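Colleague: Just so you know, we're using the working numbering here: the sequence shown kicks off at 7 and counts up by one.
Below is the structure I would like to discuss, written out as structure tokens.
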Amino acid sequence: MSYLINRNLLRCLINRTGFHHKPSISSVTFERSFASKSSDSKEPAKSPEENNKPVDFLQSPAASWKASYSTVGIKDEAPWQESWSVLLSVTIFMIYFCILREENDIDQKIEQPLYDTVPGLEQQNLIAMHKYNLENGKDNRGIEKRMREIGMDVEGIRKIHFQ
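In structure tokens:
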């Protein structure tokens, strides 16, 4: 009887804490260990009057429940080999990628300036900087000089900003 009550209490705790949709391995492990402890106890069966009394928290299984079990579950330690194998794999990959690998056409495209790669980007950037400088009263001579170098109509842009 106490086994069923404790099992129902545990299910209630698990459902309240968010494991109700899919029990994790840690909650199942905890449930099994909790169930085996309660079934192994040699306590005499309690009468219905005793079951209706309030439960002393410090004597209940809830006193040993940690808050981290509700959010993270019981932590399983990773084997010591795991960190070393990951470190070795990443090191080998970085040596290959940064030192041993030959350059290809993708590397050459990455090294190109962004303005050469994306058409019209420099013009849009110059227009945005020109507008910002006009709104904040900053000097625009350098920006206007670059606009003339690449063949943009500076006077037309000024008219657009002042409308």
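Just so you know, even glycine gets a beta-carbon here, dropped at the ideal spot from N, CA and C.
Predicted model, so just to flag it, every value in this text is computed and none were measured.
Which value, in whole angstroms, describes the spacing of the CA atoms of K137 and Q87?
Modeller: Roughly 58 angstroms between the two C-alpha positions.
Colleague: Report the three-state DSSP secondary structure of V92 (helix, strand or coil).
Modeller: DSSP places V92 in helix when its eight states are reduced to three.
Colleague: Consult DSSP for I156 and reduce its assignment to one of helix, strand or coil.
Modeller: In this structure, I156 counts as coil in the three-state DSSP scheme.
Colleague: Judging by CA-CA distance, which residue of K52, D145, L132, E141 is the nearest neighbour of R154?
Modeller: Nearest C-alpha to R154: L132.
Colleague: Decide if I163 is buried, meaning its Cβ has at least 16 other Cβ atoms within 10 Å, or exposed.
Modeller: Burial call: buried.
Colleague: In or out: I171 buried (at least 16 other Cβ within 10 Å) or exposed?
Modeller: Absent from the model: residue 171. The displayed extent of the chain is 7 to 169, so no value can be given.
Colleague: In three-state terms, what does DSSP make of E128?
Modeller: Correct three-state label for E128: helix.
Colleague: Taking C-beta to C-beta, are Q129 and M100 nearer than 9 angstroms?
Modeller: No; because the gap between Cβ atoms is not below 9 angstroms, this pair is not in contact.
Colleague: Could you compute how far the alpha carbon of F63 sits from the alpha carbon of S74?
Modeller: So the two alpha carbons sit approximately 19 angstroms from each other.
Colleague: For the segment 54-113, which segments carrying the alpha helix (DSSP H) assignment without a break, of at least 4 residues, lie completely within its bounds, in sequence order?
Modeller: You should have 54-57, 73-77, 86-101.
Colleague: Following the continuous alpha helix (DSSP H) through D122, name the residue where it begins and the one where it ends.
Modeller: First-last of the alpha helix (DSSP H) with D122: 120-123.
Colleague: Give the DSSP-derived three-state secondary structure of N142 in the structure shown.
Modeller: DSSP places N142 in coil when its eight states are reduced to three.
Colleague: Can you give me the C-alpha to C-alpha distance between S53 and W71, rounded to a whole angstrom?
Modeller: In a straight line, the C-alpha of S53 is about 26 angstroms away from that of W71.
Colleague: Rounded to whole angstroms, what's the CA-CA distance from E161 to Y121? Just pull it up for me.
Modeller: Roughly 23 angstroms separates the two Cα atoms.
Colleague: Could you tell me the distance, in whole angstroms, from the CA atom of L140 to the CA atom of K151?
Modeller: Between L140 and K151, the C-alpha separation is close to 15 angstroms.
Colleague: Can you give me the C-alpha to C-alpha distance between E56 and A84, rounded to a whole angstrom?
Modeller: Taking the straight line from one Cα to the other gives about 45 angstroms.
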